[in-house]
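Everything below concerns the one structure shown next.
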Amino acid sequence: MVKMPADVKETIEKQKPIPIATASADGTPNVALVGLLKILDDETILIANNYFKKTEANIIENPKISFVVYDAATKKAFQIKGSVELVTSGKIFEDTVEWVHSRRPDLSPKSAAIVHVEEIYDSKSGQHAGEKIL
Ligand SMILES: Cc1cc2nc3c(=O)[nH]c(=O)nc-3n(C[C@H](O)[C@H](O)[C@H](O)COP(=O)(O)O)c2cc1C
Numbered sequence: 009m010v011k012m013p014a015d016v017k018e019t020i021e022k023q024k025p026i027p028i029a030t031a032s033a034d035g036t037p038n039v040a041l042v043g044l045l046k047i048l049d050d051e052t053i054l055i056a057n058n059y060f061k062k063t064e065a066n067i068i069e070n071p072k073i074s075f076v077v078y079d080a081a082t083k084k085a086f087q088i089k090g091s092v093e094l095v096t097s098g099k100i101f102e103d104t105v106e107w108v109h110s111r112r113p114d115l116s117p118k119s120a121a122i123v124h125v126e127e128i129y130d131s132k133s134g135q136h137a138g139e140k141i142l
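Here the sequence shown is numbered in my numbering, starting from 9 and rising by one per residue.
Spelled out as structure tokens, the structure:
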């Protein structure tokens, strides 16, 4: 796992919704928008799984995820890659239910998707495009 620097965390926190990419075991890609995403700590991100369908199936058979974020004010863009687990019980799940209800009382998460950040790349256009940061 890697620790997200402050500018990466700030860029993630500013973008809503975020398109998250997963892939099936046979490599079929899938992208879905998520709004209920938050940083748990420097190495970990939480996404509320309220409606995942293909995303959930993909995570079960291939627990990898990637997403990109962009901040138009700073012009910074980052690509995050990590592994993801779906948590359906215990404190993390209970905290997720409480957090979702505080934002959207009408929603009941199926699971907490816990993303363990493993790689961060520069996604800006230009000289450093695609370079690994961490
Ligand atoms: C603006 C927006 C925000 C969304 N946020 C979430 C979210 O936080 N959690 C979630 O499970 N689905 C969310 N969805 C629904 C997913 O984008 C998607 O419809 C769902 O995962 C089913 O697609 P899939 O079969 O590709 O997984 C959101 C959709 C939109 C349009």
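Think of the CB as a built atom: it goes at the ideal place given N, C-alpha and C, for glycine as much as any other residue.
Distances between the C-beta of Asn57 and the heavy atoms of ligand 1 include at least one below 7 Å. Partner residues in the beta bridge of Thr30, as assigned by DSSP, are Asn38.
Rounded to the nearest angstrom, the gap between the Cα atoms of Pro37 and Ile55 is 19 Å. Restricting attention to beta strand (DSSP E) runs no shorter than 3 residues, the stretch 58-103 encloses them at 72-79 and 84-95, ordered along the chain. Here DSSP, grouped into helix, strand and coil, assigns Ile20 to helix. Only exposed fits Pro25, as fewer than 16 other CB atoms lie within 10 angstroms of its CB. When rounded, the separation of the alpha-carbon atoms in Val108 and Ala80 is 27 Å.
The Cβ atoms of Val125 and Pro117 do not sit closer than 8 Å to each other.
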